[in-house]
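Numbering (full-length UniProt numbering), first residue to last: 1 to 345.
From the three backbone atoms N, C-alpha and C, an ideal C-beta is built for every residue, glycine too.
All of these numbers come straight from a predicted model, not from anything done at the bench.
See structure below.
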Ligand code: SF4
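Okay, structure coming up:
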């Protein structure tokens, strides 16, 4: 494994910044409990935790924090798979089962927020891998991270598929009292069969929508990133309707559709899965993604229009930039451009 010069954001290979580790800082562990069977955790002491996403990026945020690398949620389509390649780790099963844990993430973040060079910009989490994946139940890095953000009134957003976020609800409420907090849950479909095969390590879509419901009841707005909409498997009008209806019933403040994209690393893994589970679709996928990682614009526009029409029918709007609840404490703080419209997980 390679522990030098690794990058966090899979931004077409252009990401700068890196959480740099020394090889002597790595401890590998396994736990003989059912939820972690077959998983190896590489505990490291990172040298930095706040990553800058390049200005030329497609991402609607500039700063990110990712306490983990790899994700036991094991979504077949996960775009972050390629980042494991930078560690000389396997982007398939290795991504699902070799998890890098930045043990000192809360301390590093607090130190970073206290720096005179930091100006209180919005920090996005869950942009690379899920910060509320199962490992978080054991390592509990997020409470310290949220506490640091709360104490510095630093605006932030979290995108997750993990129900574990509800553990930190009291902290999220405290943070929302002093700064802007944007929460988004990712639910691309509610079809149980599709979920079991394509997102095998995640909580069921209904459980994720329970998170939306619980946050709404706690007074914290929560949008849903309807991602990914999977061509020919999750894009039938009846499936879109069922999904948007369930999202609306959960009390989501917005729904933002995102069609499946297949970047290198994810593409090979997804196509292997497709050949195994839906071989008759392989040719159709090859044609739909013939131009690269993204489905054609006409297809994306069609899905977006359908979802927006359904959202209107069920009384929820598309994602929009939130209004800060209160200006962050720092005088020099810059408001985030689009804090709730995350487009990744
Ligand atoms: S898509 Fe998100 S939840 Fe799924 S494996 Fe990737 S990082 Fe984890």
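Quick one, are the C-beta atoms of residue i and residue j less than 8 Å apart?
{"i": "residue 186", "j": "residue 240", "result": "no"}
{"i": "residue 172", "j": "residue 220", "result": "yes"}
{"i": "residue 192", "j": "residue 229", "result": "no"}
{"i": "residue 48", "j": "residue 40", "result": "no"}
{"i": "residue 247", "j": "residue 316", "result": "yes"}
{"i": "residue 222", "j": "residue 133", "result": "no"}
{"i": "residue 124", "j": "residue 179", "result": "no"}
{"i": "residue 251", "j": "residue 212", "result": "yes"}
{"i": "residue 169", "j": "residue 218", "result": "yes"}
{"i": "residue 75", "j": "residue 197", "result": "no"}
{"i": "residue 207", "j": "residue 314", "result": "no"}
{"i": "residue 108", "j": "residue 46", "result": "yes"}
{"i": "residue 347", "j": "residue 293", "result": "Any answer about residue 347 is impossible in this case: the structure gives the chain only from 1 up to 345."}
Tell me residue i's beta-bridge partners as DSSP assigns them.
{"i": "residue 44", "result": "102"}
{"i": "residue 362", "result": "Since the first and last residues shown for the chain are 1 and 345, residue 362 lies out of range."}
{"i": "residue 63", "result": "52, 123"}
{"i": "residue 158", "result": "125, 183"}
{"i": "residue 294", "result": "261"}
{"i": "residue 27", "result": "43"}
{"i": "residue 317", "result": "254"}
Cutting at 8 Å between CB atoms, please list the residues of its own chain near residue i, excluding the five before and the five after it.
{"i": "residue 295", "result": "231, 259, 260, 261, 288, 289"}
{"i": "residue 282", "result": "271, 274, 275"}
{"i": "residue 82", "result": "10, 91, 263, 264, 265, 266"}
{"i": "residue 194", "result": "230, 233, 234"}
Given that a residue counts as buried once 16 or more other Cβ atoms are within 10 Å of its Cβ, and exposed if not, what is residue i?
{"i": "residue 95", "result": "buried"}
{"i": "residue 114", "result": "exposed"}
{"i": "residue 157", "result": "buried"}
{"i": "residue 38", "result": "exposed"}
{"i": "residue 88", "result": "exposed"}
{"i": "residue 128", "result": "buried"}
{"i": "residue 305", "result": "exposed"}
{"i": "residue 130", "result": "buried"}
{"i": "residue 280", "result": "exposed"}
{"i": "residue 238", "result": "exposed"}
{"i": "residue 298", "result": "exposed"}
{"i": "residue 200", "result": "exposed"}
{"i": "residue 164", "result": "buried"}
{"i": "residue 121", "result": "buried"}
{"i": "residue 31", "result": "exposed"}
{"i": "residue 150", "result": "buried"}
{"i": "residue 249", "result": "exposed"}
{"i": "residue 377", "result": "Since the first and last residues shown for the chain are 1 and 345, residue 377 lies out of range."}
{"i": "residue 137", "result": "exposed"}
{"i": "residue 253", "result": "buried"}
{"i": "residue 209", "result": "buried"}
{"i": "residue 34", "result": "exposed"}
Along the chain, where does the beta strand (DSSP E) containing residue i start, and where does it finish?
{"i": "residue 256", "result": "255-259"}
{"i": "residue 124", "result": "123-125"}
{"i": "residue 184", "result": "181-186"}
{"i": "residue 214", "result": "Unbroken run through residue 214 is the alpha helix (DSSP H), 205-217; no beta strand (DSSP E)."}
{"i": "residue 170", "result": "Where residue 170 is concerned, there is no enclosing beta strand (DSSP E), although the alpha helix (DSSP H) it sits in stretches over 169-178."}
{"i": "residue 223", "result": "222-229"}
{"i": "residue 270", "result": "Careful: residue 270 lies outside any beta strand (DSSP E), inside the alpha helix (DSSP H) at 266-277."}
{"i": "residue 39", "result": "Element bounds for residue 39: n/a, residue is neither H nor E."}
{"i": "residue 198", "result": "Per DSSP, residue 198 belongs to no beta strand (DSSP E); it is in the alpha helix (DSSP H), 192-198."}
Looking only at its chain, what residues have a beta carbon closer than 6 Å to the beta carbon of residue i, apart from the 5 residues adjacent to it on each side?
{"i": "residue 69", "result": "100"}
{"i": "residue 56", "result": "For residue 56, the predicted structure reports a pLDDT of 49, less than 50, and the residue's modelled location is therefore unreliable. The matter cannot be settled from this model."}
{"i": "residue 214", "result": "166"}
{"i": "residue 243", "result": "189, 190"}
{"i": "residue 126", "result": "158, 159, 160, 345"}
{"i": "residue 42", "result": "26, 28, 100"}
Kindly indicate the opening and closing residues of the alpha helix (DSSP H) around residue i.
{"i": "residue 145", "result": "142-151"}
{"i": "residue 97", "result": "93-97"}
{"i": "residue 252", "result": "Counting along the chain, residue 252 falls outside any alpha helix (DSSP H), and DSSP gives it neither H nor E."}
{"i": "residue 232", "result": "Careful: residue 232 lies outside any alpha helix (DSSP H) and carries neither H nor E."}
{"i": "residue 282", "result": "282-288"}
{"i": "residue 135", "result": "135-139"}
Looking only at its own chain, which residues have a Cβ that is under 7 Å from the Cβ of residue i, when we skip the five neighbours before and after it?
{"i": "residue 106", "result": "141, 144, 145, 148"}
{"i": "residue 62", "result": "52, 53, 121"}
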